[in-house]
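Read through the structure below, which is laid out as C-alpha cells, and then see the notes.
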Amino acid sequence: MSGFSFNGKHTREMDILVTDLKMPLVSNMKDTYESVPGRDGNILFSGWLEDKRIECTLGVRCTRSERIPKLREVAQWLYTRERKQLIFDTSPDVYYMAKVAGQVDVEHLQGISLVKVAFQAEPFAYSVNKTSVSKQITASDKQITLENNGTYDVFPIIKISNANTNSLSLTVGNDKLTISNTIQSSDVLTIDCDEMTVLLNDTNILDKTTGTFLSLQPGTNIMTVEAQNTLNVSVEWRERFL
Numbered sequence: 323m324s325g326f327s328f329n330g331k332h333t334r335e336m337d338i339l340v341t342d343l344k345m346p347l348v349s350n351m352k353d354t355y356e357s358v359p360g361r362d363g364n365i366l367f368s369g370w371l372e373d374k375r376i377e378c379t380l381g382v383r384c385t386r387s388e389r390i391p392k393l394r395e396v397a398q399w400l401y402t403r404e405r406k407q408l409i410f411d412t413s414p415d416v417y418y419m420a421k422v423a424g425q426v427d428v429e430h431l432q433g434i435s436l437v438k439v440a441f442q443a444e445p446f447a448y449s450v451n452k453t454s455v456s457k458q459i460t461a462s463d464k465q466i467t468l469e470n471n472g473t474y475d476v477f478p479i480i481k482i483s484n485a486n487t488n489s490l491s492l493t494v495g496n497d498k499l500t501i502s503n504t505i506q507s508s509d510v511l512t513i514d515c516d517e518m519t520v521l522l523n524d525t526n527i528l529d530k531t532t533g534t535f536l537s538l539q540p541g542t543n544i545m546t547v548e549a550q551n552t553l554n555v556s557v558e559w560r561e562r563f564l
C-alpha cells in the first residue's frame, strides 16, 4: 500500500508499511434539525463541517533488539504540538493539516510492530500549489476571471498596485468590498479575505473598509474592480477540496 508524509518525513524513510487506511469521503456536517408542531418534517438549520478523522495502521519492521529505539523514533515523529502537513502518495497534489489524536497503541508481532494511529485533520484538503491571476484594470476592462478548480469556496489574497485613486471597490457575485482611502501609484494594497485584514503598505486601514470580504466559489468567478484610474490587480488563493 502507498505511504504518506507527515511532519516533514515520509513513511518510506522509516521503513514503515501503511495499511487499513480509513478516511471519510466528507466530514460530518454539524446540521441542526428542529421540529415544529403541526408541520410535516423538520426544519434544517445548516451548520458547518467538523474535523475529518483519518485512521491507519503503521507496520514498523524491526527485530526484537531494534524494537524500542525504533518505536521511540516513530513516537518522536508522530508527536507534534500543532497540526502539520499530511500528504498521501495517492494524492500528492493536496495536503491535510492534521495532528495525531488520542492514544497510540502498539501490537507486537514477529519482526513487526503494528502502530494504530488516528489523525484529526481540518475538513478540507489543500492544494500544494497556489493559484495566482494578475491583470491590468482599465476604464474599458474592469473585470478579471478567476477559476476555482477546487470543490469548496476559498478566501483569496488580493493585491492592488500602480493605482491612483481616492477609493476602490471589488465585487464578486453579491459580495462587495469598498476601500474609502486614497491609494497612490507607489502604494501596495493587500486584502487578505481569509484573515480579514486590509493593509496599505504596512498600515492597517480596516477602519476605511466596508462591505463583505470576498470568496471564490467552485467554478468561474468574475471580479469587477471599480477605481478612478488604471491599476494592477493580482489575486492568489489555495484551492480546497472536500
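Under my numbering, the first residue of the sequence shown carries the number 323, and numbering increases by one thereafter. All residues carry an ideal CB built from backbone N, CA and C; glycine is no exception. A quick note: this is a predicted structure, and the numbers were derived from the prediction, not measured.
Fill in: Unbroken beta strand (DSSP E) run spanning V437, endpoints
434 to 443
Worksheet item: Based on the DSSP secondary-structure assignment, which residues constitute the bridge partners of M336?
Response: BP columns for M336 are empty, so no partner.
Item to complete: Keeping to the same chain, check which residues put their C-beta closer than 8 Å to that of K406; ignore five residues upstream and five downstream.
Response: F328, N329, G330, M419, A420, K421
Fill in: Check whether S435 and C378 have beta carbons under 8 Å apart
no
Fill in: According to DSSP, residues forming a beta bridge with W559
T453
Worksheet item: Should N470 be labelled buried (16 or more other beta-carbon atoms within 10 Å of its own) or exposed?
Response: buried
Discussion item. Per DSSP, what are the beta-bridge partners of I505 in this structure?
Written reply: T487
Worksheet item: Quick one, are the C-beta atoms of T512 and I479 less than 8 Å apart?
Response: yes
Worksheet item: Using a Cβ-Cβ cut-off of 8 Å (strictly less than) and excluding sequence neighbours within five positions of N305, which residues of its own chain qualify?
Response: Nothing can be reported for residue 305: it is not among the residues displayed for the chain, which extend from 323 to 564.
Item to complete: Give the single residue among L490, S508, F477 whose Cα lies nearest to the Cα of D516.
Response: F477
Worksheet entry | Residue from V340, Y355, E335, R375 whose Cα sits closest to the Cα of P346 | R375
Worksheet item: Are the region 425 to 432 and the region 343 to 358 in contact at 8 Å, needing three or more beta carbon pairs?
Response: no
Worksheet item: What are the partner residues of Y474, as DSSP defines its beta bridges?
Response: R562
Worksheet item: What residue from E395, V416, S456 has the CA that sits closest to E444's CA?
Response: V416
Discussion item. Please classify V365 as buried or exposed, where buried requires at least 16 other C-beta atoms within 10 Å of its C-beta.
Written reply: Correcting the residue identity first, residue 365 is Ile in this sequence and not Val. The residue in question, I365, is exposed, as its Cβ has fewer than 16 Cβ neighbours within 10 Å.
Practice prompt. Say whether the region 501 to 511 touches the region 480 to 487, bearing in mind that this needs 3 or more beta-carbon pairs closer than 8 Å, one atom from each stretch.
Written response: yes
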